[in-house]
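The structure appears below as structure tokens.
Chains as they are written, first to last, in my numbering: chain D, 1 to 211; chain F, 212 to 422.
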């Protein structure tokens, strides 16, 4: 069985859990207490020198970065969540990168300042928070238009691109990010949260906060 | 011949040009004037709704996001720059994602505030600039240690992970980011800048600024 290292309040860890569930891959979750700084322990740094979760171990093979792990697992299972066809795969990669670099970058500015900073006693950076919100207002319409054209992010079939975006937006409610005015995006989000790969992990992100 | 849309002062565009050069793939570069906002024109938004460069067209197939394009081109050519072996590919993906999300995210805070903001009359955000520098001081030692262990970022062979990092760090000098104290990283960087795929594009990033 593969081993995952992380915490249930990390949406990047949950991303890999959603993917593993969707693939039917069993995993053992080893808790890493991020608020206690366990990700910087000597033991953990041997697994990931960057000091971030998740980390995966498949036998002697150790890997970090949530999407690299997700793609590895999908590839190992030969799953259509990450299509073999070159152009189809490229479109999945495109939406993953857009979401990981741009949407997540903006979302994290909001989440850090509204959720993490108060918990760890860091100063709230209002400029960063505002910039994040401004960028999300630029990116959400793009996603909304995309979901107006196709059922899933990269076309007519569920792919890793959807699970990635689901994990990024999962803490939206607790971070006070309202997507309800983007109707296509909101419908897709509600649909995703009813999928078994999601509910098997948690019924709502809010309930796993602090666990 | 594939078409690229972008500008020579965009390191994400140059990333794809380095990859195309390394693969021996010819391309036609269509200039997009980012300082004039041409990336938000009605015509360009049809190619990429996000309004960012680069965009690639291969016949009727249109793709955005620099690494998605790079992986597509390497896959089409069957190149070892993006290995077929599942674990080798996963390690390349891991370093690409680490660099794209974390290193680039931090670097862009520095580059935006030092290079772009003064040119477009935007306010410099000193907190963001400082946070970027602080994060780079955390990530550079990880890269330096990695280059102490292996010749290239993902192992003994050149891969897309190296070309990605090269493109991210290419504006380091003009952005006042000094990597000279990280000797392994610096040696790798100097080696990369001597490769033909790089010199065919430009001999130094500074010389192409503003073109």
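Note that CB positions come from ideal geometry on N, CA and C, so glycine has one too.
query                                                                                                                        : result
Sufficient close CB pairs (3 or more, under 8 Å) joining the region 370-378 of chain F to the region 223-242 of chain F      : yes
Uninterrupted beta strand (DSSP E) stretches inside the region 2-47 of chain D (no shorter than 3 residues)                  : 2-6 and 27-31
Sequence ranges, alpha helix (DSSP H) only - wholly within the region 315-375 of chain F, length at least 4                  : 315-322, 328-331 and 337-360
Boundaries of the alpha helix (DSSP H) in which residue 97 of chain D is found, first to last residue                        : 86-97
Contact list for the region 278-304 of chain F against chain D, Cβ threshold 8 Å                                             : 278, 279, 280, 282, 283, 286, 287, 297, 298, 300, 301, 302 and 304
Counted within 10 angstroms of its Cβ, other Cβ atoms place residue 360 of chain F as buried (16 or more) or exposed         : exposed
Top-ranked residue by Cα proximity to residue 413 of chain F, from F:271, F:387, F:221 and F:212                             : F:221
Touching by the beta-carbon criterion (3+ pairs, under 8 Å), the region 353-370 of chain F and the region 273-282 of chain F : no
Close Cβ partners of residue 344 of chain F (< 7 Å) along its chain, the five nearest in sequence each way excluded          : 321
Buried/exposed call for residue 297 of chain F, threshold 16 Cβ in 10 Å                                                      : exposed
First and last residue of the uninterrupted beta strand (DSSP E) at residue 57 of chain D                                    : 55-58
Residue 153 of chain D versus residue 392 of chain F: straight-line alpha-carbon distance, rounded                           : 43 Å
Residue 52 of chain D and residue 31 of chain D closer than 8 Å at C-beta                                                    : no
Burial state of residue 190 of chain D, where buried means 16 or more other Cβ atoms lie within 10 Å                         : exposed
Opening and closing residue of the alpha helix (DSSP H) in which residue 274 of chain F lies                                 : Where residue 274 of chain F is concerned, there is no enclosing alpha helix (DSSP H), although the beta strand (DSSP E) it sits in stretches over 272-275.
Near the ligand GDP: residue 265 of chain F beta-carbon under 7 Å from a heavy atom                                          : In terms of ligand content, the structure shown is empty, and the ligand GDP therefore cannot be addressed.
Short-range partners of chain D found in the region 371-383 of chain F, where Cβ spacing is below 9 Å                        : none
Which of helix, strand or coil DSSP assigns to residue 193 of chain D                                                        : coil
Sufficient close CB pairs (3 or more, under 8 Å) joining the region 60-68 of chain D to the region 289-306 of chain F        : yes
Residue 283 of chain F (DSSP reduced to helix, strand or coil)                                                               : helix
is_contact[residue 211 of chain D, chain F] using C-beta, thresh 8 Å                                                         : For residue 211 of chain D, the pLDDT reaches just 41, beneath the cut-off of 50, and the residue's location in the model is therefore unreliable, although a value from the coordinates is still provided. It does not: the Cβ of residue 211 of chain D has no partner Cβ on chain F nearer than 8 Å.
Straight-line Cα distance separating residue 6 of chain D from residue 28 of chain D                                         : 10 Å
Inter-residue Cα distance where the pair is residue 339 of chain F and residue 346 of chain F                                : 11 Å
Local Cβ density within 10 Å of residue 78 of chain D, reported as buried at 16 or more and exposed below that               : exposed
Closer than 8 Å to chain D by CB, residue 339 of chain F                                                                     : yes
Minimum Cβ-Cβ distance from residue 366 of chain F to chain D less than 8 Å                                                  : no
Secondary structure of residue 395 of chain F, DSSP reduced to three states                                                  : helix
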